[in-house]
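Student: Pasting in a structure now, in C-alpha cells, and then I'll have a few things to ask.
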Amino acid sequence: MNSFAANDVLTDVHSAILSEVSDVSNLASGGSLSPAPVYAFCSGGKVMLPTGANAVLKAHVQQALEEKGVTFNSEEPISATFTNSTISGFDVYVLNFTGTANSLLLPEMFEVMLPMSVDTIISIKDSCNS
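Residue numbers (the numbering used here): 584 to 713.
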C-alpha cells in the first residue's frame, strides 16, 4: 500500500514537472515565470531538470505521503534523486524516491518495515530561450 501511495504522489510530481517544462519551453526570451519553477530550468537553449539528490523533491514527497498517513522509520534515511541520460536526442530523467515506511497494514507484533523505492521517468526534448 505504501508503494501505491508513493507512486500516486510521484505521479502528481511528474505532472507538475511536465507543466513546468512546458512553461519554461514557452517562455519568451528574458521573461520570467510567477511562481518560479521548482524543478525545470533553461540552460544553453535546453529545458533541463536538476540531477543528484534533491532536498526539495524529498521534502515534497515526504510531506505528501505523511498527509496520506504514511509514516517513516526515523532510523532509515529517505532519499529523492534525479538521474539523467541522453537517449536518441531526448534527455531522460529518472526520479527515484526511496524510504522505509512504518507498517500501515501489518500488526505491530510483526515489526516489519516496508521499504519503498519508486521511480518515475520524464523525457525532455524541449528548447527554450535563455
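The beta-carbon is built from N, C-alpha and C at its ideal position, and this holds for glycine as well.
Quick caveat: nothing in here was measured; it's all calculated off a predicted structure.
(1) Run through DSSP, which three-state label would Ala588 get?
(2) For Ile704, which of helix, strand or coil comes out of DSSP?
(3) In terms of residue numbering, what span does the alpha helix (DSSP H) encompassing Lys641 cover?
(4) So, under 8 Å CB-CB, Thr634 and Asn667 are touching, yes? Tell me the CB distance rounded to an integer number of Å.
(5) Given this structure, state the Cα-to-Cα distance separating Val592 from Leu648, to the nearest angstrom.
(6) Could you check which residue in Ala623, Ser615 and Ala636 has the C-alpha nearest to that of Asn679?
(7) With distances taken from CA atoms, which of Ser700, Ala684 and Asp709 is nearest Phe673?
Tutor: Taking the structure as given:
(1) Helix at Ala588.
(2) Here Ile704 carries a strand assignment [DSSP, helix/strand/coil].
(3) Bounds of the alpha helix (DSSP H) holding Lys641 are Ala638 to Glu650.
(4) Thr634 to Asn667, Cβ: 5 Å. Contact.
(5) The alpha-carbon atoms of Val592 and Leu648 are separated by roughly 7 Å.
(6) It is Ala636 whose Cα lies nearest to the Cα of Asn679.
(7) That would be Asp709, whose Cα lies nearest to the Cα of Phe673.
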